[in-house]
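The structure under discussion appears below in the form of structure tokens.
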């Protein structure tokens, strides 16, 4: 029996000689006639190396979601901005607040000097603080 090769040569010739790029490895099967008259088959793989797979048992591991530590966004009272402007700014800057919540935060800051706006992860607290500061309000981030 003669040696036959199944590879990319025919595909390259059909594509004008350009090399074909593939993310998947290609498999080439080579059939060779053995000395005793039987056919031996050999599979040659080309492509990115793969991790070796072993069969065995693994212990079940528990996957827990990572929770970020909470931080508090605190609004401080000021004598410059009107109450309506503070409520409007809270509604624009902190999307979790509704009108009643923003009004309650504004009144607490007005009477007590500071008020808790929201408890959330640090990055969101910093974002909301920066938004409030751009609108002329004083806000700080504290660890909850």
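Residue numbers (the working numbering): 609 to 752. In this text, a Cβ means the ideal position worked out from N, Cα and C, and glycines have one as well.
**Report entry** Cβ distance (whole Å) where residue 678 is taken to contact residue 727 below 8 Å
**Finding:** 5 Å
Query raised in the report: Going along the chain, which residues of its own chain have a beta-carbon closer than 7 Å to the beta-carbon of residue 716, five neighbours each way excluded?
Result: 723
Query raised in the report: Out of curiosity, what's the CA-to-CA distance linking residue 737 and residue 747?
Result: 6 Å
**Report entry** Best match in 725, 685, 730, 693 for proximity to residue 743 [C-alpha to C-alpha]
**Finding:** 693
Report task. Determine the burial state of residue 730: buried for a count of at least 16 other Cβ atoms within 10 Å of its Cβ, exposed for fewer. Result -> exposed
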